[in-house]
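The working numbering puts the first residue of the sequence shown at 539, with every later residue one more than the last. Positions of the beta carbon are idealized from the N, C-alpha and C atoms, including for glycine. Small disclaimer: the values here were computed from a predicted structure and weren't measured. To start, the structure under review is shown below, and the notes come after it.
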Amino acid sequence: MLQSCPGGFKCPVESGNTYLLRLINSALDEELFFKVAGQKLTVVEVDDTYVKPFKIDTVVLAPGQTTNVLISAVKRSDKYSTTLATILTAPPPKNATAVAKSFIDSLRALNSKQFPASVPQEIDHDLYFTVELGVNPCPTCKAVNGSRVVAAINNVTFVMPTTALLQAHYFNISGVFTADFPSKPPYMFNYSGTPPANLQTRNGTKVFRLVYNSTVQLVLQDTGIIAPENHPIHLHGFNFFAVGKGLGNYNPKRILKHSISLILLKGTHSI
539 MLQSCPGGFK CPVESGNTYL LRLINSALDE ELFFKVAGQK LTVVEVDDTY VKPFKIDTVV
599 LAPGQTTNVL ISAVKRSDKY STTLATILTA PPPKNATAVA KSFIDSLRAL NSKQFPASVP
659 QEIDHDLYFT VELGVNPCPT CKAVNGSRVV AAINNVTFVM PTTALLQAHY FNISGVFTAD
719 FPSKPPYMFN YSGTPPANLQ TRNGTKVFRL VYNSTVQLVL QDTGIIAPEN HPIHLHGFNF
779 FAVGKGLGNY NPKRILKHSI SLILLKGTHS I
């Protein structure tokens with residue numbers, strides 16, 4: 539049952555029929571695992587993009603992510619129990635990395651004549667972004683000894699401006715942002731190992747300017763600073779090709795040539 543629904547959610551089904559379920563993770567800070575007891579789910583779409591259909595028993599959804607699955611009412615039972623849980627429900631296990639990896643590794647591009655995987659072959663910008671947590675001074679935060687936990691990319695914590703970024707760009711308003719967002723981390727360290735001694739980040743409203751119609755290769759590197767986190771990355775209004783993935787620290791020398799069928803067009807990518 540879905541625990542957020544008082545009394546449990548019930549949906550009548552007819553034996554022999556196939557149903558389309560549109561799953562949406564509206565949680566703010568947790569990945570969700572969806573499962574129907576004793577049933578296989580056929581995944582057909584992720585983030586409004588068709589994927590090569592595959593069957594799996596557990597679907598993983600990052601915050602804000604959507605997934606369409608098919609389920610057939612063929613089980614010899616009058617009830618289909620569903621469950622929806624975060625990655626850390628109760629020990630054991632402490633996490634569900636294997637379950638999540640199984641789902642992610644099963645995703646494939648549809649790559650048909652109607653929906654080809656037209657991956658750009660030339661790139662204009664090569665960016666490397668580390669996503670991390672940090673601890674910055676906060677004089678008004680009495681509960682945590684005058685500091686607070688912040689998020690950062692390449693050690694820069696975004697400061698929300700009072701004027702919209704696109705508005706400032708369009709009307710050439712100065713003093714709203716600076717165009718010096720770093721294209722790579724300011725310094726290298728073992729991102730998945732021991733964190734640096736200094737956990738403070740730099741505050742700023744920084745952007746990286748791109749020329750219209752540019753092709754960008756972006757490496758997203760998660761870090762273990764403070765605590766391991768799963769960060770869903772979403773580019774609003776755009777999809778992007780996920781052309782590779784792996785565990786641990788990114789190493790360009792270990793990049794393998796991927797089959798076009800392994801490449802996936804997505805709107806949200808978790809690291």
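Check: Alpha carbon of E552 to alpha carbon of V612, nearest angstrom; Outcome: 9 Å
Check: Beta-carbon proximity of A636 to A647, cut-off 7 Å; Outcome: no
Check: Residue range of the unbroken alpha helix (DSSP H) whose run includes H663; Outcome: Looking at the DSSP string, H663 is not in any alpha helix (DSSP H); the run it does join, the beta strand (DSSP E), is 663 to 675.
Check: Beta-carbon proximity of T739 to V688, cut-off 7 Å; Outcome: yes
Check: Of the residues N728, L803, V584, H769, the one placed nearest N787, counting alpha carbons only; Outcome: N728
Check: One or two residues paired with A689 in a DSSP bridge; Outcome: L671
Check: P733 and I763 closer than 7 Å at C-beta; Outcome: yes
Check: Euclidean distance between Cα positions of I661 and K573; Outcome: 39 Å
Check: Exposure label - G805; buried when at least 16 CB within 10 Å; Outcome: buried
Check: Helix, strand or coil at N789 [DSSP, three-state]; Outcome: coil
Check: Proximal residues to N789 (C-beta, below 8 Å), its chain only, five neighbours per side dropped; Outcome: none
Check: Residue nearest to L758 in terms of C-alpha spacing, selected from C549, F592, Y588, F779; Outcome: F779
Check: Option nearest Y588 by Cα separation, candidates S650, N693, V745; Outcome: S650
Check: Where D643 falls, given that 16 or more other Cβ within 10 Å makes a residue buried; Outcome: exposed
Check: Alpha-carbon to alpha-carbon, V673 and P720; Outcome: 20 Å
Check: Inter-residue CB distance, F715 and K744 (contact presumed, cutoff 8 Å); Outcome: 7 Å
Check: Other residues of its chain near Y666: CB distance less than 6 Å, five sequence neighbours each side excluded; Outcome: K722, V757
Check: CA-to-CA distance, T668 to G742, given in whole angstroms; Outcome: 16 Å
Check: Cβ distance (whole Å) where L579 is taken to contact D595 below 8 Å; Outcome: 7 Å
Check: Cα-Cα separation between N606 and V697, rounded to whole angstroms; Outcome: 35 Å
Check: As assigned by DSSP and simplified to three states, the class of L776; Outcome: The displayed chain sequence assigns Phe, not Leu, to residue 776. F776 falls in the coil class under three-state DSSP.
Check: Pairwise C-alpha distance: N736 and P699; Outcome: 26 Å
Check: DSSP bridge partner residues for F727 (one or two, in chain order); Outcome: DSSP lists no partner for F727.
Check: Among A565, L671, D585, K548, the one whose alpha carbon lies nearest that of F776; Outcome: D585
Check: Status (buried if at least 16 other CB within 10 Å, exposed otherwise) for L802; Outcome: buried
Check: Unbroken beta strand (DSSP E) run spanning F641, endpoints; Outcome: Per DSSP, F641 belongs to no beta strand (DSSP E); it is in the alpha helix (DSSP H), 635 to 644.
Check: Minimum C-alpha distance to G782 - residue among A638, P770, I809, P675; Outcome: I809
Check: Euclidean distance between Cα positions of P629 and A702; Outcome: Caution is warranted here: a pLDDT of 46 is assigned to P629, below 50, making its placement in the model unreliable, and no coordinate value can be reported.
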